[in-house]
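To keep things clear, I will list the structure first and then write my remarks on it.
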Amino acid sequence: MPRGGKREGAGRKPKVTPRPPTVMTTPTPRVELSVVDGLVEPEWAAQFTDELDQDLARRQWRIITGELRSSEKLANANERQVKRLVDAYVLYEIAMRHVADEGAVFPRKGKKQPAYNPWFTVLKDANAMASAAEAELTITPRRRNNGGKVQRQKPSIIGGGFLKAVPK
Numbered sequence: 034m035p036r037g038g039k040r041e042g043a044g045r046k047p048k049v050t051p052r053p054p055t056v057m058t059t060p061t062p063r064v065e066l067s068v069v070d071g072l073v074e075p076e077w078a079a080q081f082t083d084e085l086d087q088d089l090a091r092r093q094w095r096i097i098t099g100e101l102r103s104s105e106k107l108a109n110a111n112e113r114q115v116k117r118l119v120d121a122y123v124l125y126e127i128a129m130r131h132v133a134d135e136g137a138v139f140p141r142k143g144k145k146q147p148a149y150n151p152w153f154t155v156l157k158d159a160n161a162m163a164s165a166a167e168a169e170l171t172i173t174p175r176r177r178n179n180g181g182k183v184q185r186q187k188p189s190i191i192g193g194g195f196l197k198a199v200p201k
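By the count of the working numbering, the sequence shown reaches residue 201 at its end, each step adding exactly one.
Okay, structure coming up:
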């Protein structure tokens, strides 16, 4: 007999562990991630829950990588910085929506002095992060001439192109 004197039977129902309910989810549409010069676009759905934010991040990533490619400054080493810049842009837009809805300041309860909306502080910080990332990537026209171009190495040609490879 188990401890506590509780035996099976005698009107007691056996313990049954309830199964977790199965949740039917609709499959989210797969968005093709683009690859630009070796940089793979991040999975924005893992980071942003709102589809508008995901679309904005996708669009900004393509704009930034296109801009860096056209100015010959796109390198694999810039991948994390590009992602941080896109994050700052999306965070700025989220904060801007909240500030537009609620206002930059709101009255405090029981005090005469109004309080800053916390989203306004996030808005200012996201602006500063985006400006710093743009300066580091030399995206803005003012800083475009400051950064060096990425040197692409050409594959070495044996014999300067005059010799053919001999099959073995």
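Note that the Cβ used here is the ideal one computed from N, Cα and C, for glycine as well. The structure displayed is predicted, hence computed values, not measured ones.
Within its chain, find whatever has a CB closer than 7 Å to the CB of Leu156; leave out the 5 residues flanking it on each side and keep chain order. Position 123 of the sequence shown, counted from the first residue, corresponds to residue 156. Counting only Cβ-Cβ distances below 7 Å, and skipping sequence neighbours, we find Tyr125, Ala128, Met129 and Val132.
Closest by CA to Gln87, which one among Ala110, Lys201, Arg141 and Asp120? Numbered from 1 along the sequence shown, position 54 holds the residue referred to as residue 87. Checked all of Ala110, Lys201, Arg141 and Asp120; the closest Cα to Gln87 is Asp120.
Taking C-alpha atoms, which residue in Arg117, Glu112 and Asp134 lies nearest to Gln80? Position 47 of the sequence shown, counting from 1, holds the residue named residue 80. Closest option to Gln80, Cα to Cα, is Arg117.
Whole angstroms is fine: what's the gap from Ser103's alpha carbon to Trp152's? Here the question's residue 103 lines up with position 70 in the sequence shown. Here the question's residue 152 lines up with position 119 in the sequence shown. Ser103 and Trp152: Cα-Cα distance of roughly 35 Å.
What do you reckon, are the CB atoms on Tyr122 and Ala168 nearer than 9 Å? Numbered from its first residue, the sequence shown carries residue 122 at position 89. Numbered from its first residue, the sequence shown carries residue 168 at position 135. Not closer than 9 Å, so no.
What would DSSP say about Ala137, mapped onto helix, strand or coil? The residue you call residue 137 lines up with position 104 of the sequence shown. Reduced to three states, the DSSP call for Ala137 is coil.
Below 8 Å CB to CB, which residues in the same chain sit around Gln114 once its five sequence neighbours on both sides are set aside? Position 81 of the sequence shown holds residue 114. Ala166, Glu169 and Leu170.
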